[in-house]
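Report on the structure given below.
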Amino acid sequence: MAAATAVAEATVLRHRTWRSRVSVNNVTLGFSLAWLAVVVAAAALPGVLATDDATTLDPTRVLTAPGEQTLLGTDHYGRSVLTLLVHGARAALVIGLAATLLGMLIGSLVGLVAGYLGGAADMLLGRFVDILMCFPGVLLALVIASALGASTTNLIIAVGISAVPGFARVMRGQVLTIRGRLYVEAARSAGFAPGRVLMRHILPNSVAPTVVLATVTVGTSVVVAASLSFLGLGVRTEIPDWGQLLAMGQPYLAGAWWISTFPGIVLTLTVIAVSLAGDWLRDRLDVD
Amino acid sequence: MPARDHLLRLDGVSVELDNGHRDIPLVRDATLDVRKGEIVCLVGESGSGKSVTARTVMGLTQLDRRMKVGGTALFDDVDLFSLDAERMRRMRGRDLAMVFQEPLSSLDPVFTVESQLREGLRRRERLSPKAETARLSEALQEVGIHDCERVLRSYPHALSGGMCQRVMIAMALLARPRLLLADEPTTALDVTIQAQILELIDRLRHEEDMSVLLVTHDMGVAAEVADRVVVMYAGRVVEDADPQKVFAAPAHPYTGGLLACIPPMVGARPVVLPAIGGSVPDPSSLPGGCAFHPRCVNALPRCTTEDPPLEPEAGGTVACWNPLTREAAPAPELVHNGGSA
Amino acid sequence: MTAVVGIQDAGERLDGDPILTLDEVSKHFQVRTSTNPFHPASTLRAVDGVSLSIERGETFGLVGESGSGKSTLGRVAVRLDAPTSGTITFDGQSIENQGGEQLRRTRRQMQVVFQDPLGSLNPRMSVGSIIGEPLRVFEGLRGSTLTDRVAELMRSVGLDPSRAAARPRALSGGQRQRVGIARAIALNPRLILADEAVSALDVSVQAQITNLLVDLRERLGLTYLFIAHGLPIVRQVAQRVGVMYLGRIVEVADTDDLFANPQHPYTRALLAASPVPDPTVRRERIILHGEPPTPLNLPSGCRFRTRCPMAAEVCAQVAPPVVQVSPTHTVECHFAETSGI
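Residue numbers (my numbering), protein chains in the order written: chain A, 1 to 288; chain B, 1 to 341; chain C, 1 to 341.
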């Protein structure tokens, strides 16, 4: 009796916490989406948000503090940190999105095949994913990036592969669940070919968690890419990306804290915003 | 009617769910009595509010803050709805007990039957460990479990559904409750096991002088054990009478329809089953007037606008403007209802 | 496709034209009962040597309790699962070893209506595309030909074609099952496996769907393998009934014969335990004691002997013979002839 009552109470409690989570999200979601809009705008149209040129060096305003001449201060070449951040957004987003897409495609395919075929294929692919998972994502990306050498494409590949295990696991788990659903059984019993059952009935019902994971992965990919850049494995261009900016500011941290601090804040805000948006998406897509 | 004392008296009970936009009525003005030592069967289909009613008596509905409960539930002259959470919790452990439909999910999978039973017992009384064990074995014997030692040591998943339901009933009875609320206790079980459990509930009610409010969708189950049958539809009590009357001469067209659409077990088989057309309405979009009128073969124009009150009719009570027990209304007045879903 | 007249009298049975024949069909599963990897897997005999023949145009009812293997037998019969041994002949063709494209072609002739109407419909597809999918894929219908055919199918199962764009979630339980039925008949199959097709529905809706199934059988010349645990509904729709217990069909007879003159003690207990909505019928209850043994460890001799009120010594030693009570009535019991009527 006590147990049954407890179960009923727990069910009720779960509903209650779910409700409160939604009402908090409504407020923070607005901020998250607004921030993401700013980042996307910066990546798309950097010239509109930052009026001065990011490549012009200005010896007259080297290492000025925030507010003196520019809003967020200047670096040791006299470039505005704000301008650099705005221009660096594109690199961050391109790498984040492309790496996520790559990881999602490879990972989902691996998960789909493993989950659908089961048996030996599942075992083999599962072990492969397990091996990848042994390494922390950043380390894996680090190894791949240093093996391939520094270029945008290689950075995308490195970060993308580090995201593969997550997608593979999520997709495999989802396919395993959906494969057992009655409507899949119904489709099989109707005599449809396996390909059709997979593409029409299993896949569409399995993608929701992957979509949610993808939003979160965009955030982490931006961080991983920034970390690699920070360590000098990124692409050397005239305009530093966020990771390089962080690294660049490091020697000046004692005197000119703003060079590293603002990229750090921007990076953090972006990741938080993306994962909150992912939370919201999860509720909207009704993923268990 | 025998002048037996009332144990539970629900008066105008309503339950509404606030879904964030508006209040959805799950139970509307439910009124019913359970007398001492009586089995009252609360019969209805999905969405009739029968389970919600039982859970509300138990104080479980109220745990969800989105639920608004109105009316009174007098249990021995104490209004259950006015009790604070702590006193209600004590009532639940002692005077009220509940058995649910899914016996397996009602037991905690990570504890043995013994530890769950012990926990229930300790909430009621403090005994020495030895006396406790004796009480537990006795309780299991009572519900027809003979290999007590094995069952006590088992985890719920190792037991069959019927066995789990017996354990649930044993757990409910440990508290020696005065009212047992049983929510579809046999629906998940096979008929031969169902027969055993119904027999058990009937026997225990005599031995323990316990009252039972048994929620079921099965008219057959009600006919087997009920001392009184209360039929609910769309959150309302539509008929309340003795089984002899309900099954022989139902007053509400819904009760009549429910009985008619059960295929007979003896005699000629009808070529077409007399089905009730349409489907059970969703509580969020109830038809105006009498909620049953769109499916009713006896509907009058009045039924589409006014919800009939629950009034005495031919030995029971019924909420209907044109009950089956009355002279049929002149044909032109009837509202014609189609029979498709 | 043969047109078949309405059959509600036992006399009109169609003889000698079986559409589906099962001969000594078994389905065994290997189950790990221990977490110890060196412990050998046990054999679960879900279906154990069942022979059965279903005539063209009839409804064969299969009843039994949970664990009796009735669903497994159904799945094997329509080759959703492969049998462990035995032969299955469908329409003169041996199908027990079919696989791949050949099997998929056979399956189009044998459709399934599932118990859970919501679960069996893809939540991301509209009602129209669910019903139309087999027509698109196998008959290559497109555009207005497809929509017309879907509308026709929807009308024939009592659905409003204007609901074709709705998602399954927006429909009532009865309507969802109508969608499941429309999908099943879309390709003009010969045989339909109805696996507890009405069990999950509200009582008032059960009758509608039952009537629809009977009506479709007559209109389309379908044959049903109708699996259910509720006896009244089986009595209503089936011409012949098989009673399953622990993997074997213990009794087969014409419906009226089986219900009026049950021979197997299990059938009798099942009939006695089935509740009837009539409180004046306080019949002699044959309460079966205990629970069915696990199919992992079957009793020796007769599998029902552990719960049988008539069990004798011979039952533990020898498996009962198949006794022909009449040309259409067989039973597996040592006491079939002497057990009286």
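Using N, Cα and C, we set each Cβ at its ideal position, and we do this for glycine too. Being a predicted model, the structure only gives us computed values, none of them experimental.
* To do: Tell me whether T21 of chain C is buried or exposed, calling it buried when 16 or more other Cβ atoms sit within 10 Å of its Cβ.
  => For the purposes of this step, residue 21 of chain C is identified with residue 21 of the third sequence, where counting begins at 1. By the C-beta density criterion, T21 of chain C is buried, having at least 16 other C-beta atoms within 10 angstroms.
* Asked: From which residue to which residue does the beta strand (DSSP E) around G256 of chain B run?
  -> On the second sequence, position 256 is the one that residue 256 of chain B refers to. Not the beta strand (DSSP E): G256 of chain B falls in the alpha helix (DSSP H), residues 253-260.
* Quick one: give me the first and last residue of the beta strand (DSSP E) that P25 of chain B is part of. => Here residue 25 of chain B is taken as the residue at index 25 of the second sequence, counted from 1. Boundaries of the beta strand (DSSP E) harbouring P25 of chain B: 23-35, taken from the DSSP string.
* Near G111 of chain A, what residues of its chain come up, given a Cβ to Cβ distance below 6 Å and the 5 sequence neighbours on each side ignored? -> Here residue 111 of chain A corresponds to residue number 111 of the first sequence, with the count starting at 1. Cβ within range, chain order: A168, M171, R172.
* Asked: In chain A, what lies closer than 8 Å to S172 of chain C by C-beta?
  -> Position 172 of the third sequence holds residue 172 of chain C. The contacting residues do not exist; S172 of chain C stays about 18 Å from chain A at best.
* Asked: In chain order, what residues of the same chain lie with their CB nearer than 6 Å to the CB of G249 of chain A, ignoring the 5 residues before and after it?
  -> Residue numbering aside, residue 249 of chain A sits at position 249 when the first sequence is read from its first letter. Closer than 6 Å at the Cβ level, and outside the excluded window around G249 of chain A, lie I259, S260.
* Asked: Is there at least one Cβ from chain C nearer than 8 Å to R55 of chain B's Cβ?
  -> One-based indexing of the second sequence puts residue 55 of chain B at position 55. Not one beta carbon of chain C lies nearer than 8 Å to the beta carbon of R55 of chain B.
* Meets three-Cβ-pair contact criterion under 8 Å: the segment 65-73 of chain C and the segment 177-192 of chain B -> Here the segment 65-73 of chain C lies against the segment 177-192 of chain B, with 3 or more beta-carbon pairs under 8 Å apart.
* To do: Would you give the residue range spanned by the alpha helix (DSSP H) that F247 of chain B belongs to?
  => Start at 1 with the first residue of the second sequence, and residue 247 of chain B comes out as number 247. In this chain, the alpha helix (DSSP H) harbouring F247 of chain B covers 243-248.
* Going along the chain, which residues of the segment 95-111 of chain C sit with their C-beta nearer than 9 Å to a C-beta in chain A? -> Within the segment 95-111 of chain C, those residues whose Cβ lies closer than 9 Å to any Cβ of chain A are, in chain order, E101, L103, R104, R105, T106, R107, R108, Q109, M110, Q111.
* **Range of the contiguous alpha helix (DSSP H) that encloses V78 of chain C** => One-based indexing of the third sequence puts residue 78 of chain C at position 78. Taken as a continuous stretch (DSSP letters only), V78 of chain C belongs to no alpha helix (DSSP H), as it is neither H nor E.
* Asked: Is it true that the segment 156-163 of chain B meets the segment 26-34 of chain B, where meeting means three or more beta-carbon pairs spaced less than 8 Å apart?
  -> Result no; under three Cβ-Cβ pairs closer than 8 Å.
* Measuring alpha carbon to alpha carbon, tell me which of C:Q30, C:N36, C:I88, C:A46 ends up nearest I19 of chain C. => Working through the third sequence from its first residue, we reach residue 19 of chain C at position 19. I19 of chain C has its Cα closest to that of C:I88, out of C:Q30, C:N36, C:I88, C:A46.
* Asked: In terms of residue numbering, what span does the alpha helix (DSSP H) encompassing C41 of chain B cover?
  -> Indexing the second sequence from 1 puts residue 41 of chain B at position 41. That residue, C41 of chain B, is in no alpha helix (DSSP H); its beta strand (DSSP E) goes 39-43.
* **L159 of chain B in three-state terms, based on DSSP** => Taking the second sequence and counting its residues from 1, one reaches residue 159 of chain B at position 159. Assigned with DSSP and collapsed to three states, L159 of chain B falls in coil, not helix or strand.
* To do: Indicate the three-state DSSP secondary structure (helix, strand or coil) for T21 of chain C in the structure shown.
  => On the third sequence, residue 21 of chain C is found 21 positions in, with the first residue counted as 1. In the three-state reduction of the DSSP assignment, T21 of chain C falls in the strand class.
* Asked: Under the rule that 16 or more other beta-carbon atoms within 10 Å means buried, what is H264 of chain C, buried or exposed?
  -> Counting from one through the third sequence, the residue named residue 264 of chain C turns up at place 264. Buried: at least 16 other Cβ atoms inside 10 Å.
* Asked: What is the residue span of the beta strand (DSSP E) that L7 of chain B lies within?
  -> Indexing the second sequence from 1 puts residue 7 of chain B at position 7. Annotation: the continuous beta strand (DSSP E) that includes L7 of chain B extends over 6-18.
* For Y252 of chain A, the three-state DSSP class (helix, strand or coil) -> For the purposes of this step, residue 252 of chain A is taken as the residue at position 252 of the first sequence. If DSSP states are grouped into helix, strand and coil, Y252 of chain A belongs with the helices.
* Assign R75 of chain C to buried or exposed, taking buried as 16 or more other Cβ atoms, counted over all protein chains shown, within 10 Å of its Cβ. => The sequence position of residue 75 of chain C within the third sequence is 75, counting from 1. So R75 of chain C ends up on the buried side.
* Asked: By the criterion of Cβ-Cβ separation under 7 Å, what are the contact partners of L259 of chain B in chain C?
  -> The count along the second sequence starts at 1 and reaches residue 259 of chain B at position 259. The contacting residues are P277.
* May I ask you to list the residues that DSSP assigns as paired with Q111 of chain C? => Taking the first residue of the third sequence as position 1, residue 111 of chain C is located at position 111. Note: Q111 of chain C sits in a beta bridge opposite C:I192.
* To do: For chain B, find out if any of its Cβ atoms is closer than 8 Å to the Cβ of Q324 of chain C; answer yes or no.
  => Against the third sequence, residue 324 of chain C aligns to sequence position 324. With 8 Å as the cut-off, Q324 of chain C does not count as an interface residue toward chain B.
* Asked: Since R176 of chain C is in the alpha helix (DSSP H), which residue starts that stretch and which ends it?
  -> Looking up residue 176 of chain C in the third sequence gives position 176. That run of the alpha helix (DSSP H) goes 173-185.
* Just the Cα atoms here: how many angstroms apart are G298 of chain C and E132 of chain B? -> Position 298 of the third sequence, counting from 1, holds the residue named residue 298 of chain C. Position 132 of the second sequence, counting from 1, holds the residue named residue 132 of chain B. Reading the sequence as shown, one finds Leu at residue 298 of chain C and not Gly. Annotation: L298 of chain C to E132 of chain B spans about 36 Å, alpha carbon to alpha carbon.
* Asked: Does DSSP put P66 of chain A in a helix, in a strand, or in coil?
  -> Locating residue 66 of chain A in the first sequence gives position 66, where the first residue counts as 1. The DSSP-derived three-state label of P66 of chain A is coil.
* Among C:A253, C:E313, C:L296, the one whose alpha carbon lies nearest that of V325 of chain C -> In the third sequence, residue 325 of chain C corresponds to position 325, counting from 1. Comparing Cα positions, the closest option is C:A253.
* Asked: What do you get for S162 of chain A, buried or exposed, if any count of 16 or more other CB atoms within 10 angstroms of its CB means buried?
  -> As a first step, residue 162 of chain A is located in the first sequence; it is residue number 162 there, counting from the start. By the neighbour-count rule (16 or more Cβ atoms within 10 Å), S162 of chain A is buried.
* Asked: Using 8 Å as the Cβ pair cut-off and three pairs as the minimum, do the segment 97-106 of chain A and the segment 150-162 of chain A touch?
  -> The segment 97-106 of chain A is in contact with the segment 150-162 of chain A.
* **Uninterrupted beta strand (DSSP E) stretches inside the segment 23-60 of chain A (no shorter than 3 residues)** => The segment 23-60 of chain A contains no whole beta strand (DSSP E) run of 3 or more residues.
* Asked: Tell me, which residues are paired with Y245 of chain C by DSSP?
  -> As a first step, residue 245 of chain C must be located in the third sequence, where it is residue number 245. Bridge partners of Y245 of chain C: C:R248.
* To do: Pull out every residue of the segment 198-217 of chain A whose Cβ sits closer than 7 Å to any Cβ of chain C, in chain order.
  => Residues passing the 7 Å Cβ filter: H201, P204, N205.
* Secondary structure at I287 of chain C, three-state DSSP: helix, strand or coil? -> The residue labelled residue 287 of chain C in the question sits at position 287 within the third sequence. Coil, per DSSP.
* To do: Evaluate the contact criterion for the segment 128-147 of chain A versus the segment 180-194 of chain A: three or more CB pairs, one atom per stretch, below 8 Å.
  => No: fewer than three Cβ pairs fall under 8 Å.
* Asked: What is the DSSP secondary structure of Y77 of chain A, reduced to helix, strand or coil?
  -> Here residue 77 of chain A corresponds to residue number 77 of the first sequence, with the count starting at 1. In the structure shown, Y77 of chain A adopts coil according to DSSP, grouped into three states.
* Check whether the Cβ of L231 of chain A sits closer than 7 Å to any heavy atom of the ligand GTP, and report yes or no. => Annotation note on the ligand GTP: not contained in the displayed structure, which lists no ligands.
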